[in-house]
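Since the structure comes first, as structure tokens, the remarks are kept for the end.
Put into structure tokens, the structure is as follows:
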């Protein structure tokens, strides 16, 4: 494994960040489109307020500009791993509920799930470059989907997609922060320095 | 003691001369001018159906001694209508500002109170010294799905009114227009104009929060704009300008991911480079008519102006089909 600050590692890091930024932008665009479709197909009000949903990682963060590179990567990775589980559950529920009746929504969900998985992979690779490695996912199985009525499931899905749309914007910003040189050092971005 | 009182337009106003009895002999003045006795009921001053011209300083003097017995400033006005409130972030991610005004004046002093709620938290909106109908809020959280709720209440002596705005963090992001827009001709290129600009100085971190840009341009003689969207960089070369025509150019900016486009920048004017006209001699004329011309054509005024998609070819020799047929005919005549 290349040292975290070797030239090849720096190039790989920059490449992963650039690709990640583009992926985050595409993901956000697709999630916004999916939100419109989801609201329409589920008969929801687009302006409905959804209270914080248990198990859905909130993108909201205080003192965002003070986070270290490691914090950004770890928080992003935890979020996208959670979204991977949540979207899989949504896809499963969608298939149970509608079967092939709404294939378009199913395909859109599957596409976003794929992008979320790809983004999680990018984050894992970035953490590996840091010589830290991503936290293990092995061990406890993902939490089961809560037993909710149909309407509650629809609202939960709305909350998941809204939060994912925010995360996609945050992730692009986070990755751009990672590509910025740290003040007072060479071209390497700050990763593990204390806030 | 001097008093102040505010009354609605159209109201009937009765002023007592302090503690003087109703039957006391008094003289009332308005802004130093004696008021006719026909407006008096005993020592009371009666003003019916007041309007804005009744605003002023009213004084009451005891009849014989001319001692000042009572003084009041009367302000005639109206209760406030629903205020107009706007919130915007032109310095994301630092914060946002809200500004307000009344749709119609009240003619008497008004007091504004603004509250900003984000979830369960009440945020402080710091009032600007100038302009005084504006305040700004620093973001405590970023990337939140929780909406902001801003309520503005306006109060004066005759009533109160309020308005509420609810919005997402991303929805109000609108940068200021790009600055220092410059457009220059490109030497030896009669169809090019080089345009450059700078990020608005109010945008705090363009490296982490890059802007994208929208450029529009048209020759002064036409109404239809051409548009170009640019995802990075702060310069662009226009390559399809009409030779010799003066252009007007503007640029707008938007955060790469969120919010809305800025207003258009200040317009700049530029004309593409043109060759200096030569003084023609008989010899020079003969030389020109026998050589094939590869320079760009200036379409005659009656030529149909094409959309960008209809232009065939590229660079300096791009022409519309309609103009091409006409000019090809002229070309044949001179070969």
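Chains as they are written, first to last, in full-length UniProt numbering: chain A, 1 to 195; chain B, 1 to 335. Glycine included, each C-beta is placed from N, C-alpha and C at the ideal position.
Please name the residue, chosen from the options, that lies closest to residue i on a Cα-to-Cα basis.
i              : options                        : result
residue 53(A)  : 22(A), 175(A), 154(A)          : 154(A)
residue 217(B) : 116(B), 247(B), 202(B)         : 247(B)
residue 235(B) : 131(B), 80(B), 198(B)          : 198(B)
residue 40(B)  : 219(B), 10(B), 22(B)           : 22(B)
residue 36(A)  : 179(A), 157(A), 117(A)         : 157(A)
residue 160(A) : 176(A), 58(A), 169(A), 92(A)   : 58(A)
residue 259(B) : 169(B), 206(B), 192(B), 229(B) : 169(B)
residue 121(A) : 152(A), 6(A), 23(A), 56(A)     : 23(A)
residue 183(B) : 191(B), 196(B), 175(B)         : 196(B)
residue 167(B) : 47(B), 191(B), 57(B), 85(B)    : 85(B)
residue 170(A) : 62(A), 10(A), 43(A)            : 62(A)
residue 14(B)  : 71(B), 44(B), 35(B), 52(B)     : 44(B)
residue 118(B) : 131(B), 137(B), 126(B), 107(B) : 137(B)
residue 222(B) : 249(B), 2(B), 150(B)           : 249(B)
residue 253(B) : 181(B), 186(B), 237(B), 243(B) : 181(B)
residue 31(A)  : 110(A), 180(A), 152(A), 16(A)  : 110(A)
residue 173(A) : 243(B), 156(B), 257(B)         : 257(B)
residue 102(B) : 111(B), 95(B), 96(B)           : 111(B)
residue 151(A) : 18(A), 38(A), 165(A), 25(A)    : 38(A)
residue 135(B) : 255(B), 171(B), 20(B), 98(B)   : 98(B)
residue 165(A) : 103(A), 180(A), 97(A), 56(A)   : 56(A)
Mind listing the chain B neighbours of residue i? Cutoff is C-beta to C-beta under 9 Å, in chain order.
i              : result
residue 69(A)  : Neighbours of residue 69(A) on chain B: none; closest Cβ ~13 Å, over 9 Å.
residue 25(A)  : 256, 257
residue 173(A) : 93, 142, 143, 208, 209, 257
Is residue j closer than 7 Å to residue i when the C-beta atoms are compared?
i              : j              : result
residue 178(B) : residue 265(B) : yes
residue 213(B) : residue 173(B) : no
residue 241(B) : residue 272(B) : yes
residue 93(B)  : residue 152(B) : no
residue 208(B) : residue 176(A) : yes
residue 154(B) : residue 80(B)  : yes
residue 127(A) : residue 133(A) : yes
residue 167(A) : residue 46(A)  : no
residue 158(B) : residue 270(B) : no
residue 83(B)  : residue 164(B) : no
residue 108(A) : residue 34(A)  : yes
residue 162(A) : residue 105(A) : no
residue 75(B)  : residue 46(B)  : no
residue 30(B)  : residue 56(B)  : yes
residue 58(B)  : residue 4(B)   : no
residue 106(B) : residue 78(B)  : yes
residue 13(A)  : residue 129(A) : yes
residue 87(B)  : residue 150(B) : yes
residue 49(B)  : residue 100(B) : no
Run down chain B in chain order and give the residues with a C-beta less than 8 Å from the C-beta of residue i.
i              : result
residue 60(A)  : 141, 142, 143, 144, 145, 146
residue 180(A) : 207, 208
residue 28(A)  : 257
Can you pull the DSSP bridge partners for residue i?
i              : result
residue 57(B)  : 73(B)
residue 221(B) : DSSP, once it has assigned bridges, lists no residue as partnering residue 221(B).
residue 123(B) : 116(B)
residue 19(A)  : BP columns for residue 19(A) are empty, so no partner.
residue 194(B) : 184(B), 237(B)
residue 142(B) : 61(A)
residue 159(B) : 156(B)
Looking at chain A, is there any beta carbon in it that lies within less than 7 Å of the beta carbon of residue i?
i              : result
residue 257(B) : yes
residue 208(B) : yes
residue 309(B) : In this prediction, residue 309(B) scores a pLDDT of 37, lower than 50, which makes its location untrustworthy; the coordinate-derived value is nonetheless stated afterwards. Taking Cβ atoms only, chain A never reaches closer than 7 Å to residue 309(B), which makes this a no.
residue 6(B)   : no
residue 299(B) : Bear in mind that a pLDDT of 37 at residue 299(B), under 50, signals an unreliable position, so the model cannot answer this.
Please tell me whether residue i has its Cβ less than 7 Å away from any Cβ of chain B.
i              : result
residue 177(A) : yes
residue 162(A) : yes
residue 13(A)  : no
residue 169(A) : yes
residue 166(A) : yes
residue 17(A)  : no
residue 7(A)   : no
residue 195(A) : Low per-residue confidence applies at residue 195(A): pLDDT is 39, beneath 50, and the placement is therefore not dependable, though the value from the model is reported in the following sentence. No, residue 195(A) lies away from the interface with chain B (no Cβ there is under 7 Å from its Cβ).
Taking 7 Å as the threshold (beta carbon to beta carbon), is residue i in contact with chain D?
i              : result
residue 170(B) : In the displayed structure, chain D is absent; the protein chains listed are A and B.
Any heavy atom of the ligand ADP closer than 6 Å to the beta-carbon of residue i?
i              : result
residue 173(B) : This structure simply doesn't include the ligand ADP, nor any ligand for that matter.
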